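Asker: This structure is in structure tokens; I'll ask about it shortly.
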Amino acid sequence: MTSRIDIVCAAYQAEAFIDETLRSAIAQTHTDWRLWVRDDASTDATAQRVAEWAARDPRIRLVHQGAPNLGVVAGFAWLLAQLPDDTQWVACLDADDVWDRERLVTTLAAAESTSRATGGGRALLVHSDSRLIDATGRELAPSYWSRAGLSPTPTPLSRLAVQNVATSSTLLMNRALLDLLRPMPTTGLFSPDWWFTMVAATFGEIIAIPTPLVGYRQHASNDVGATRGRIRDLSDLVGRIERWQTSGERLRHDLRRMALQAATFQSRYDHDLSTDDRQLLQALAGLPALPFWPRKASLLRHRLRAEFGVIRNLGLLLRA
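All letters in the sequence shown, in the order written, are residues 40 to 359 by my numbering.
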């Protein structure tokens with residue numbers, strides 16, 4: 040008997056990619072799955088395309104289409120709330136990404152192995168590396184982790200509160216984590232995958248698979264990685280200075296969003312938090328209101344830092 044996996048997909052304006060995405064789900068070597076797609080009031084043919092696939096494969100279900108437009112966070116919360124009582128494993132699939140054929144079987148094997156070793160009752164989140172692809176499917180980088188300068192470990196809350204390590208389409212969670220997530224807040228979250236990793240790190244375990252198992256599609260609005268190479272000329276230098284200034288503004292904006300997410304996390308799980316975790320979340324939630332030097336001192340005191348190198352952590356200190 041194989042383990043059934045319930046797949047959740049929040050789709051919006053995905054007409055250009057949804058066929059390839061669903062085709063990659065159908066091609067999985069692990070075939071015991073149900074795919075729940077919520078169309079978030081797309082104005083293109085996303086819902087129509089999903090309905091056509093569902094008519095051909097009963098494992099695919101279009102569970103909502105049309106108004107209201109909830110956005111990605113509330114859309115994921117809605118999908119998790121609708122999962123049936125017999126759900127044991129949950130995978131996430133973004134409507135523009137592409138799974139490798141072994142994506143489900145590989146993450147499930149890691150999850151089941153860990154569950155057997157730990158007795159099976161602990162919340163568990165498994166994720167993997169991915170390849171970066173463009174709108175046409177052309178590979179941009181063989182490893183998202185390498186391109187982004189990201190190490191998937193370690194995963195203390197002091198790190199995950201300020202840096203996400205997992206991407207949605209690589210995720211697999213067990214029922215214990217699903218139960219902890221529901222009900223999921225619909226506001227105050229930076230992103231669903233980030234929220235999932237924070238919950239798993241606080242109350243369970245995170246397993247990282249170094250093999251890329253997903254084609255993680257990049258658009259102009261979500262490009263990752265840093266410009267590499269030496270400065271070629273004055274215009275290149277000016278461009279990099281401008282990007283540094285822009286990234287400083289974005290970092291301050293992101294810090295406010297991280298602070299809101301920390302406050303939301305504390306509110307949702309306050310009675311279950313350790314004293315140290317509660318104090319850490321309170322400190323992060325209060326950072327935007329602090330003057331410059333007390334803010335830097337709080338970052339250092341609570342060891343709120345991302346595991347992506349000394350230079351970028353100096354940037355977090357100097358520009359936040």
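We put the CB at the ideal spot given by N, CA and C, even for glycine.
If you're wondering where the values come from, they're calculated on a predicted model, not measured in any experiment.
Determine the DSSP secondary structure at S152, reduced to helix, strand or coil.
Answerer: The count along the sequence shown starts at 1 and reaches residue 152 at position 113. If DSSP states are grouped into helix, strand and coil, S152 belongs with the helices.
Asker: Roughly how many angstroms lie between the CA atoms of L312 and T241, to the nearest whole one?
Answerer: Numbered from its first residue, the sequence shown carries residue 312 at position 273. Numbered from its first residue, the sequence shown carries residue 241 at position 202. Answer to the nearest angstrom: the Cα atoms are 8 Å apart.
Asker: Leaving out five residues on either side along the sequence, give the residues of the same chain with a beta carbon under 8 Å from the beta carbon of G243.
Answerer: In the sequence shown, counting from the first residue as 1, residue 243 sits at position 204. Within the same chain, G243 has close Cβ partners R161, A162, L163, L164, A215, L216, L219.
Asker: Can you name, in chain order, every residue of its own chain whose Cβ lies under 7 Å from the Cβ of L101, other than the five neighbours on each side?
Answerer: Residue 101 sits at position 62 when you count from the first residue of the sequence shown. Within the same chain, L101 has close Cβ partners V76, D78, A86, V89, A90, A93.
Asker: Buried or exposed: S152, going by 16 or more other Cβ atoms within 10 Å of its Cβ?
Answerer: Within the sequence shown, residue 152 is the residue found at index 113, counting from 1. By the neighbour-count rule (16 or more Cβ atoms within 10 Å), S152 is not buried but exposed.
Asker: Can you give me the C-alpha to C-alpha distance between L211 and A120, rounded to a whole angstrom?
Answerer: Start at 1 with the first residue of the sequence shown, and residue 211 comes out as number 172. Start at 1 with the first residue of the sequence shown, and residue 120 comes out as number 81. So the two alpha carbons sit approximately 17 Å from each other.
Asker: Buried or exposed: where does P107 fall if 16 or more other Cβ atoms within 10 Å of its Cβ makes it buried?
Answerer: Here residue 107 refers to the residue found at position 68 of the sequence shown. That one is exposed.
Asker: Look up Y255 in the DSSP assignment and say whether it is helix, strand or coil.
Answerer: As a position in the sequence shown, residue 255 is number 216, starting the count at 1. Three-state DSSP puts Y255 in a strand.
Asker: Helix, strand or coil: how does DSSP classify H292 here?
Answerer: Residue 292 sits at position 253 when you count from the first residue of the sequence shown. Looking at H292 - three-state DSSP - the assignment turns out to be helix.
Asker: What span of residues does the alpha helix (DSSP H) with A324 cover, start to end?
Answerer: Within the sequence shown, numbered from 1, the residue matching residue 324 stands at position 285. Note, A324: alpha helix (DSSP H), 314-325.
Asker: Cα separation between A55 and Q300?
Answerer: As a position in the sequence shown, residue 55 is number 16, starting the count at 1. As a position in the sequence shown, residue 300 is number 261, starting the count at 1. C-alpha separation (whole angstroms): 32 Å.
Asker: Can you name the start and end residues of the beta strand (DSSP E) that S197 belongs to?
Answerer: Within the sequence shown, numbered from 1, the residue matching residue 197 stands at position 158. Per DSSP, S197 is not a residue of any beta strand (DSSP E); the alpha helix (DSSP H) it occupies stretches across 196-199.
Asker: What first and last residue would you give for the beta strand (DSSP E) that runs through V76?
Answerer: By one-based count along the sequence shown, residue 76 stands at place 37. Segment 72-78, the beta strand (DSSP E) holding V76.
Asker: Can you find a CB in chain C that lies within less than 8 Å of the CB of A86?
Answerer: Absence of chain C from the displayed structure is noted, only one protein chain being present.
Asker: Assuming L326 contacts A200 (C-beta within less than 8 Å), just tell me the rounded distance between them.
Answerer: Reading the sequence shown from its first residue, position 287 is the one you call residue 326. Reading the sequence shown from its first residue, position 161 is the one you call residue 200. About 11 Å; that fails the 8 Å criterion.
Asker: Please name the residue in S190, A322, V144 whose C-alpha comes closest to that of S42.
Answerer: What you label residue 42 is simply residue 3 of the sequence shown in a count that begins at 1. Nearest C-alpha to S42: V144.
Asker: Work out the CA separation of L171 and A247 for me, nearest whole Å.
Answerer: As a first step, residue 247 is located in the sequence shown; it is residue number 208 there, counting from the start. As a first step, residue 171 is located in the sequence shown; it is residue number 132 there, counting from the start. Roughly 18 Å separates the two Cα atoms.
Asker: Alpha carbon to alpha carbon, how far is D136 from S260? Give it in angstroms, no decimals.
Answerer: Looking up residue 260 in the sequence shown gives position 221. Looking up residue 136 in the sequence shown gives position 97. Reliability fails at S260, whose pLDDT of 47 lies under 50, so the model's placement of it is uncertain and no value is given.
Asker: Return yes when the Cβ of G176 is within less than 8 Å of the Cβ of G254, no when it is not.
Answerer: The sequence position of residue 254 within the sequence shown is 215, counting from 1. The sequence position of residue 176 within the sequence shown is 137, counting from 1. The answer is yes: Cβ separation under 8 Å.
Asker: Does DSSP put E141 in a helix, a strand or coil?
Answerer: If you number the sequence shown from 1, residue 141 lands on position 102. E141 falls in the coil class under three-state DSSP.
Asker: Residues in its own chain within less than 6 Å of T194 by CB, not counting five upstream and five downstream?
Answerer: Stepping through the sequence shown from its first residue, residue 194 is reached at position 155. Closer than 6 Å at Cβ, skipping near neighbours: A240, I245.
Asker: Do you know how far the Cα of R198 is from the Cα of R291?
Answerer: By 1-based counting over the sequence shown, the position of residue 291 is 252. By 1-based counting over the sequence shown, the position of residue 198 is 159. When rounded, the distance between both Cα atoms is 17 Å.
Asker: Looking only at its own chain, which residues have a Cβ that is under 7 Å from the Cβ of F229, when we skip the five neighbours before and after it?
Answerer: On the sequence shown, position 190 is the one that residue 229 refers to. The answer, listed in chain order, is R296, M297, Q300.
Asker: I need the straight-line Cα distance from R98 to W184, nearest angstrom please.
Answerer: Translated into the one-based positions of the sequence shown, residue 98 becomes position 59. Translated into the one-based positions of the sequence shown, residue 184 becomes position 145. One C-alpha to the other measures close to 32 Å.
Asker: Once DSSP output is grouped into helix, strand and coil, what is the label at A49?
Answerer: Here residue 49 corresponds to residue number 10 of the sequence shown, with the count starting at 1. DSSP places A49 in strand when its eight states are reduced to three.
Asker: Grab the span of the alpha helix (DSSP H) containing D168 for me, first residue to last.
Answerer: The residue given as residue 168 occupies position 129 in the sequence shown. Not the alpha helix (DSSP H): D168 falls in the beta strand (DSSP E), residues 162-172.
Asker: Could you give the residue range of the beta strand (DSSP E) that holds M212?
Answerer: Position 173 of the sequence shown, counted from the start, is the residue given in the question as residue 212. Unbroken beta strand (DSSP E) run through M212: 211-213.
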